[in-house]
Structure formats: structure tokens, C-alpha cells
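K.L.:
In the numbering used here, the protein residues as written are 1053 to 1619.
1. With respect to 7 Å, is the separation between the Cβ of residue 1427 and the closest non-hydrogen atom of the ligand PLP below this value?
2. Starting from residue 1306, trace the alpha helix (DSSP H) both ways and give me its first and last residue.
3. What residue range is occupied by the uninterrupted beta strand (DSSP E) comprising residue 1132?
4. Closest by CA to residue 1456, which one among 1370, 1475 and 1467?
5. When the Cα of residue 1357 is compared with those of 1422, 1374, 1138 and 1315, which residue comes out closest?
6. What residue from 1166, 1572 and 1382 has the CA that sits closest to residue 1307's CA?
7. What span of residues does the beta strand (DSSP E) with residue 1489 cover, start to end?
8. Who are the Cβ neighbours of residue 1374 in its own chain at under 6 Å, not counting the five residues just before and after it?
9. Determine the direct distance from the alpha carbon of residue 1408 to that of residue 1291, and round the result to whole angstroms.
10. Where does residue 1390 sit, in a helix, a strand or coil, going by DSSP?
11. Is residue 1545 helix, strand or coil by DSSP?
12. Please return the same chain residues whose Cβ sits closer than 8 Å to the Cβ of residue 1172, not counting the five positions on each side in sequence.
13. For residue 1470, which three-state DSSP category applies?
14. Just to confirm, are residue 1339 and residue 1296 a CB contact at a threshold of 8 Å?
15. Grab me the residues of residue 1330's own chain with a C-beta within less than 6 Å of its C-beta, minus the 5 sequence neighbours each way, in chain order.
16. Helix, strand or coil, according to DSSP, for residue 1098 in the structure here?
17. Tell me which same chain residues have a C-beta within less than 8 Å of the C-beta of residue 1160, skipping the five on either side of it?
18. Are the CB atoms of residue 1424 and residue 1416 nearer to each other than 8 Å?
19. Count the C-beta pairs between the region 1439-1448 and the region 1550-1564 that are closer than 8 Å, then say yes if the count reaches three, no if not.
20. When you compare the CB positions of residue 1509 and residue 1463, do they come within less than 8 Å of one another, or not?
21. Where residue 1335 and residue 1155 are concerned, what is the direct C-alpha to C-alpha distance, given to the nearest angstrom?
22. Which residue marks the beginning of the beta strand (DSSP E) containing residue 1463, and which one marks its end?
23. In three-state terms, what does DSSP make of residue 1266?
24. I need the straight-line Cα distance from residue 1536 to residue 1490, nearest angstrom please.
25. Quick one, which of 1426, 1413 and 1311 has its alpha-carbon nearest residue 1439's?
26. Tell me the rounded alpha-carbon separation between residue 1204 and residue 1547.
27. If distances are taken between C-alpha atoms only, which option among 1461, 1481 and 1486 comes closest to residue 1472?
28. Where does the unbroken alpha helix (DSSP H) through residue 1156 begin, and where does it stop?
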């Protein structure tokens, strides 16, 4: 009887020990995710502020009106919509200790069996973390940009609470059950703050480490103060979140079903801000639990375009892995993008004849009056070329804006655009968007070949354009186009914008009754007739060239002056 009681107590003790180890591991995961998410939010805010002079000026004006709170040294930016992303970094007018106590209270509520030492150690970590977030908010608010990367590095290098890393729990017989080794803090290596290095060779985290190392060695890519590729870190972060949602990490084990599962879960993922409400409701838990939590909260889910970006970033990693490390079948490629019919219907109208005459009679086209970029001090040649290429190729706005010299090929005597997303800063809407588009003879007569002569392989054709995560290279040009031509054409009321050029191109084929497969191949729509692998053949290139030369917009371009360099 006594033996039975002892065995029963031992069993209960082991269960309790196992539960506690599981709790500690879960808390560590939450702490890692807190550091990763908050540091990502800081870098995103820095990027957004540095790319927009309007937001920068608004911040300067608002901080004049609202002096910093003496207790914490930051201004209350609540209510300013353009500055909400800065306010959300540290939204409460509370000390780091108060914020840490509130977070600790939530953790203790979820995990009531924590020991006092573990409790206090985690509290110290949280207080340090919120001190760093406050410093980051202050650095951004005062535009001390040189401090931001240092603060982020400190945030990611803030060591995990030691008592939560190796806890020993005595059993009834006095022996010790050691907690299993948990995931290392994601920033223990200076190479990347997002990766666990203690993983199998085919684990996505280990492969992301190799991906980042390769990107860090590319001198062309923008780096942070730690020498990490900014874009690569963002790509890795989004890819790892996708894996967290589906709960699988071996890249060789994923199937098409996993891709569909990722798409379904991303479409249910709530849109989270760094607000007090979300801090309390979502942040204490792993991302994989946010969907279930949101069933009761009812927060808005992320947009379809954001879903697409997550899947696109995951596909980018898999493409690199497949090429350089191990053969995989990426389940993410082409997901999250709607299939298009040849005769695309949406809320954008094509330009009318009078609109085209108005656009191409402006001094930019007739006299080359484009100005220099304010900070880069180079001429905005994109203002001349982007509308012309759009009208005569049917390419999407960012497909043109992100072109590099290496995307212009000549094969079988036919000069053509070879659209690709092979580089980190290039993206395509769907699988069919990877295509070849012959250069229209009108572009050649306007001096396009002369323009190409100054560029080398990896050079952007329009270096005055600045890359942004949300809008690619097109964002600034799109804003300029709307601002300039809204004075001449009622773009908003008439549902017209830059992509209306693409609709003019498509409508030409629609009205002329040309076989749908050929123009669909030109504009990157889904079809089952011409594949990318066949584009390179002489017969297919000639067929595409013949089709594109049926476009006759000469009447609208009569006043356009052939290109000449302004310097």
C-alpha cells in the first residue's frame, strides 16, 4: 500500500514537473516573439519615417505642439493618424516598470505555478525591454536615427531570464528532473535576431541563417548597423511566421496541403498593433494562438495584399533553398494572388483619347523638363519613360519601376523585357507574371536603346526611385503621377490612375479580336497556352513581337521628343 502511494506521488510530481517545463518553454517563446515583433515594429517605423518627408515634417510640427511628458520623455502623439505608427511603439504614458508589471501580471495569470525567483527574473527582463522600447520611441521622435539600430540591437541581445532557461525540480525521491534545453534567444548571434541555430539541417530556421549570411555578403543590399540585410531580415521574419502558423519546420516535408493551410490561416490572422489592448489580449501568446483568440475579440484580419506578401516572402526563401541547398517543392509559390481572366475587370478605367493627348503633350514629354530628385540629385527620367513603357507594353506599374539592366535581353534579334523576381527587391503578382515582353518599336524610335547604354547589369533603370516594402519602387512615382495629372484630369472621379495605361493596352486586343492567349502572355494573365519555358523560342518571341507591334498609339505620341540625356 505504501509503495502504491509513493509511486502515485512520484507520478504526480513528474506530471507537475513536465507541466512546469512546458510553461517555462512557452514563456520563453513569448519573450522571444515579443523582442522580435517589437524590434521589427521599430525598424518599420524608422523605415517609414525616413522614406516620407511629409511624415517627417508632421512629426516635427506635432512635437512642437505637444511637449514631452517629464516622467518618460516622449510626447503624446495620440490622435495624429499619420503618426499612429510611432505612437504605437510606446502608447502608454507609463514607466517601463509599470508596463512590465502589467505584462507580468498577465503571464502569472496564465502560468500561476511560477516560482518567486523565476517571476522576478522575468520581471527584470520585461522592465529592461520596455526601457529599450521607450528609448527607441524617443530616438524616432527626436529623429536621432543613429541610435535606433543600437537600441534594436540591445533589445535583441537582451538575455533571456536565466532561471527560466534551466530549472531543476526535485521529485519525491530527491532526484532532479532537468528542463529540456529550450530555444536559444534569437539574437544571441550578431548575424541575425530571428534564427535558432540549434536545429536540424533541413529546418527552416537553420536554412534562413544561411540565406541571411549570403545576403549579408552582397554589397549591393542595404544593411543595418549590425551588417544585416534589412530586406533579408524582413523576408525571414515573414517566412518564419508562416511556418509558425502551420506548425512544420522541415522544408523537405511540406506539401501542397501545407501551402493551402498557410493561406487559410493567414487570411484569418488578426491585424495586430502595438496598442495597450493588443498587448493584453494577443502579445502574451504565440502567433499560432492569435486566430483562436480573435474568435472572441473580433479584430479585423490582415489584408489580402498582406497575405500575399507573407506567402511571397516564404516562396522567396524556398526558391533560394531549392537552388543552393536542398531540393524542395515550395507550396507557397503563386498563392495569395487572385487568378485573372484575360479581360480583367476591376474599378480602374482606361484613359480616353483626350486623356492620352493631354498626358503626352506635357513639357516632360515635349521638352524633357523633368527636375532632379531632391536628395539623390539625379534627373527623374522615370517621369518620361514609365508612362511610355506602360502604354506600349501593358506592364504593371511596379514591374516597370523595378526593372534593372539585366532584365533587358536581346534574343533572336528581338530586344525584350525579361520580367523576373530573382532579386530581393523585385516581386511579381503571380506565376504568369514572369514573362518576356518585346520592346515596342515606338520605344526604340524614342531613344530607349540610348537610355540603356549607361547602365550595367545590376543597375536599376530608374535609380531615382526609392524602394519601399509596401509599394516597391513604384510608390513615389505613383504619388507624383497622381499629384501632377490630377490637375489636368479628374483621375479620382473618373476612376483612372497609372494602371489605366495597362487597360488601354489590354483593350486594344479586346477590341481587335486577337487570340486571347498571346496578349494574355504579354500582360502576365493566367492562361494555359504559352508557358515561360516556351517564351524563349524564336517562334514564340516572334509571335509576341508581332502581337505587340499591332499596338498603334502614334497619334497620341506625336509631340513626344526623342530621349536625350540632360547631363
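Where is the CB? At the ideal position from N, CA and C, for every residue including glycine. Being a predicted model, the structure only gives us computed values, none of them experimental.
P.N.:
Let me spell this out:
1. Of the ligands one can find in the structure shown there are none, so the ligand PLP has no counterpart to examine.
2. Here residue 1306 is taken as the residue at index 254 of the chain shown, counted from 1. First-last for residue 1306: undefined, no H or E at that position.
3. Stepping through the chain shown from its first residue, residue 1132 is reached at position 80. Segment: none, residue 1132 is in no beta strand (DSSP E) and carries neither H nor E.
4. Indexing the chain shown from 1 puts residue 1456 at position 404. For the residues 1370, 1475 and 1467, the minimum Cα distance to residue 1456 belongs to 1475.
5. Here the question's residue 1357 lines up with position 305 in the chain shown. The shortest C-alpha separation from residue 1357 is found at 1315.
6. Against the chain shown, residue 1307 aligns to sequence position 255. It is 1382 whose Cα lies nearest to the Cα of residue 1307.
7. By one-based count along the chain shown, residue 1489 stands at place 437. Per DSSP, residue 1489 belongs to the beta strand (DSSP E) from 1488-1490.
8. In the chain shown, residue 1374 corresponds to position 322, counting from 1. Here the set comprises 1380.
9. Residue 1291 sits at position 239 when you count from the first residue of the chain shown. Residue 1408 sits at position 356 when you count from the first residue of the chain shown. Their backbone Cα atoms lie some 42 Å apart in a straight line.
10. For this step, residue 1390 is matched to residue 338 along the chain shown. Note that residue 1390 scores 42 on pLDDT, short of 50, meaning its location in the model is unreliable; the coordinates nonetheless yield the value given after this. Coil.
11. On the chain shown, position 493 is the one that residue 1545 refers to. Here residue 1545 sits in coil by DSSP.
12. Counting from 1 along the chain shown, the entry for residue 1172 is found at position 120. Within the same chain, residue 1172 has no close Cβ partners at all.
13. Here residue 1470 refers to the residue found at position 418 of the chain shown. In the structure shown, residue 1470 sits in a strand (DSSP, three-state: E or B).
14. Position 287 of the chain shown, counting from 1, holds the residue named residue 1339. Position 244 of the chain shown, counting from 1, holds the residue named residue 1296. Closer than 8 Å, so yes.
15. Position 278 of the chain shown holds residue 1330. For residue 1330, where only same-chain residues beyond five positions count, the Cβ hits under 6 Å are 1324.
16. Counted from its first residue, the chain shown places residue 1098 at position 46. Three-state DSSP puts residue 1098 in a helix.
17. As a working note, residue 1160 is residue 108 in the chain shown. Correct list, in chain order: 1166 and 1171.
18. As a position in the chain shown, residue 1424 is number 372, starting the count at 1. As a position in the chain shown, residue 1416 is number 364, starting the count at 1. Contact: no.
19. yes
20. Taking the chain shown and counting its residues from 1, the one referred to as residue 1509 is at position 457. Taking the chain shown and counting its residues from 1, the one referred to as residue 1463 is at position 411. No. Outside cutoff.
21. Working through the chain shown from its first residue, we reach residue 1335 at position 283. Working through the chain shown from its first residue, we reach residue 1155 at position 103. Rounded to whole angstroms, residue 1335 to residue 1155 spans 9 Å at the Cα level.
22. Looking up residue 1463 in the chain shown gives position 411. Run containing residue 1463: 1460-1463, per the beta strand (DSSP E) assignment.
23. Translated into the one-based positions of the chain shown, residue 1266 becomes position 214. Helix.
24. Against the chain shown, residue 1536 aligns to sequence position 484. Against the chain shown, residue 1490 aligns to sequence position 438. Rounded to the nearest angstrom, the two C-alpha atoms are 29 Å apart.
25. Your numbering for residue 1439 matches position 387 in the chain shown. Of 1426, 1413 and 1311, the residue nearest in Cα terms is 1413.
26. In the chain shown, the residue the question calls residue 1204 occupies position 152. In the chain shown, the residue the question calls residue 1547 occupies position 495. For residue 1204 and residue 1547, the distance between alpha carbons rounds to 43 Å.
27. Along the chain shown, one-based indexing puts residue 1472 at 420. For residue 1472, the nearest C-alpha among the options comes from 1486.
28. Reading the chain shown from its first residue, position 104 is the one you call residue 1156. Counting along the chain, the alpha helix (DSSP H) containing residue 1156 begins and ends at 1148-1162.
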